[in-house]
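Report on the following structure.
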Amino acid sequence: PSTLNYIKTVENFLGASGIWPSNIFSDKLQPLVFRVHRQTLPYHTMLIVFGGLHYLSDNFHRMSFLDMGHMILSTFLAMVTAMRSVVPNLKVYAALVTKLGREIHLMHFAHKGPYYEEMNKMVDKASYIYTKFIVVVMYLAMLMFNFAPMYNNAKNVLISKTENYTMEFALYYSYPGFKPLNYFPTTTLYNFYLSYNCGIMLCGLDLVLFLMIFQLIGHVYILRHNLENFPSPKNKVVLNIGDLPRYKNKENCIVEMFDAKENEEVRVRLAECIEHHKIIIRFTDEISIVFGPILAFNYMFHMVGCCLLLLECSAGNQIIRYGPLTTVVFGQLIQISVMFETLGAETEKLKDSAYFVPWECMNTSNRRTAHIMLHKMQDKISIKALGLAAVGVNTMTGILKTTFSY
35 PSTLNYIKTV ENFLGASGIW PSNIFSDKLQ PLVFRVHRQT LPYHTMLIVF GGLHYLSDNF
95 HRMSFLDMGH MILSTFLAMV TAMRSVVPNL KVYAALVTKL GREIHLMHFA HKGPYYEEMN
155 KMVDKASYIY TKFIVVVMYL AMLMFNFAPM YNNAKNVLIS KTENYTMEFA LYYSYPGFKP
215 LNYFPTTTLY NFYLSYNCGI MLCGLDLVLF LMIFQLIGHV YILRHNLENF PSPKNKVVLN
275 IGDLPRYKNK ENCIVEMFDA KENEEVRVRL AECIEHHKII IRFTDEISIV FGPILAFNYM
335 FHMVGCCLLL LECSAGNQII RYGPLTTVVF GQLIQISVMF ETLGAETEKL KDSAYFVPWE
395 CMNTSNRRTA HIMLHKMQDK ISIKALGLAA VGVNTMTGIL KTTFSY
């Protein structure tokens, strides 16, 4: 998979932050600067959270309603960034992404048949388009969020020469003995760095999660195809039922049954389907363990952040600054929900596909195996936020309704 264009984009886009571990396809270590950046990011992002709260408490009575909304929003974004920046440092996360690249990716299954190869190409195409889209939107949102205060500063200081004008920042924070205005150039550059990290953590982790879901959906499609196109018996068997009293003077019954050799092939195919289903379930459970807390905090952030973003956008002169960020946050909520709903809907069809298997033509042993498989596929595969709220369209609809009503 390292030869694919979208994987190369992901490596360049997320390599420095550690969201895409550098040793997935090779044993090379990440450069020292990247490792220091990855390991220290949670700490200095939490410092920004405390700095934002300190600034909010110091200027609470002097701030306008919209400025207060901006402060609460930026502090929440810093919290989200701080929480998400811990994830790339976890061994369980690195193991999950490595498993995606080395085992789960459909390229490792493409040699098994034409449908495998076709599904691999389809998933790769969807992943490529989505990767490019996320990268463009993330950089656009980051630039626009920082461009608005820079434009206002240039307009009022260099062009209009407004007297007693207070310089604007993209992010506001203060500490005892430290005032951002005293270090304007440094603080502005540092705000760019913080905005970049926020965008990477918001969009980058979701991008990796979506790439995993794309692969899982591809696996589900392949499993359904294998079940629905299960081979039928090649020969028909004649059952002599004329001698039985209840069937006296009736013609013999012709049925399709697998012979001994075919039953052995059926046993192997059933075992492959069950193992494939186990792979899907196992990887889904691992995703839930790693991303469950993130998705739970995400929903809490969306409850507050979506309301504040709509409020800020309602001030017409702020649409350039908050428009792209609003698009990213609402898009994130909708995409996550729709993606997981699609995965759940496709896995729910597995039980019907399992029933398509010609179990009535098998011997007793294979029928028992088919029965176990059918039983295992009754449950819908879904990912829950901390094991509580199901990630899907229903939760998204509830959040959007609450957001717009607020």
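Position in the sequence shown counted from 1, then plus 34, gives you my numbering.
Glycine included, every Cβ here is placed at the ideal spot set by N, Cα and C.
- SER387 counts as buried, since at least 16 other C-beta atoms from the protein chains shown sit within 10 angstroms of its C-beta.
- GLY326 sits away from LYS414, with the two beta carbons spaced by 8 Å or more.
- Given a length threshold of 4 residues, each whole run of the alpha helix (DSSP H) inside the region 49 to 101 is given here in chain order: 66 to 92.
- TYR40 is a Cβ neighbour of TYR162, given a cutoff of 8 Å.
- Partner residues in the beta bridge of LYS418, as assigned by DSSP, are ALA424.
- Here the alpha carbons of LYS159 and PRO214 stand approximately 46 Å from one another.
- Only exposed fits PRO148, as fewer than 16 other CB atoms lie within 10 angstroms of its CB.
- For the pair ILE353 and CYS232, the Cα-to-Cα distance works out to about 20 Å.
- For the pair TYR333 and ILE433, the Cα-to-Cα distance works out to about 8 Å.
- As the crow flies, the alpha-carbon of CYS341 is around 7 Å from that of TYR440.
- Looking at the DSSP output, TYR40 shares a beta bridge with no other residue.
- By alpha-carbon distance to MET105, the top candidate from LYS385, GLY339, GLY365 is GLY339.
- Contact annotation, ILE193 with THR376: C-beta distance approximately 50 Å; criterion of less than 8 Å not satisfied.
- The count of Cβ pairs closer than 8 Å, one atom from the region 290 to 300 and one from the region 81 to 100, stays below three, leaving the stretches out of contact.
- Taking a C-beta distance under 8 Å as the contact criterion, HIS253 and ILE315 do not qualify as a contact pair.
- For PHE212, the pairing in a beta bridge is given by DSSP as TYR209.
- The beta carbon of PRO55 is closer than 7 Å to those of ALA128, VAL131, THR132 in its chain, skipping five residues each way along the sequence.
- 8 Å or more divides the Cβ of MET411 from the Cβ of HIS259.
- In the structure shown, the three-state DSSP call for GLU290 is strand.
- Assigned with DSSP and collapsed to three states, LYS383 falls in coil, not helix or strand.
- Cβ-Cβ separation between LEU359 and ALA182: approximately 11 Å, too far for a contact (criterion under 8 Å).
- Around the CB of ALA294, fewer than 16 other CB atoms lie within 10 Å, so the residue is classed as exposed.
- When C-alpha distances from THR37 are compared across GLY135, TYR164, SER119, THR109, the shortest belongs to GLY135.
- Distance check between ILE138 and each of PRO392, PHE317, VAL126, ILE323 places PHE317 closest, using alpha-carbon atoms only.
- A straight line joining the alpha-carbon of GLU306 with that of ALA404 spans about 12 Å.
- Inclusion of SER229 and ASN190 in the CB contact set at 8 Å is not warranted, their separation being larger than that value.
- The region 77 to 91 and the region 110 to 120 touch, with no fewer than 3 CB-CB distances between them shorter than 8 Å.
- For the 8 Å CB-CB criterion, GLY365 and GLY426 do not form a contact.
- For ARG402, the enclosing alpha helix (DSSP H) covers residues 398 to 410.
- Secondary structure at LYS125: helix, using DSSP grouped into helix, strand and coil.
- As computed with DSSP, LYS270 is found in a beta bridge with GLU290.
- Within its own chain, the residues whose Cβ lies closer than 7 Å to the Cβ of LEU111, once the five positions on either side in sequence are excluded, are CYS232, listed in chain order.
- Runs of the alpha helix (DSSP H) spanning 4 or more residues and lying entirely within the region 104 to 167 occur at 125 to 133, in chain order.
- Rounded to whole angstroms, the gap between the alpha carbons of ALA204 and VAL363 is 17 Å.
- Remark: C-beta atoms of GLU296 and LYS268 approach each other more closely than 8 Å.
- In the DSSP assignment, TYR255 falls within the alpha helix (DSSP H) that extends over 239 to 262.
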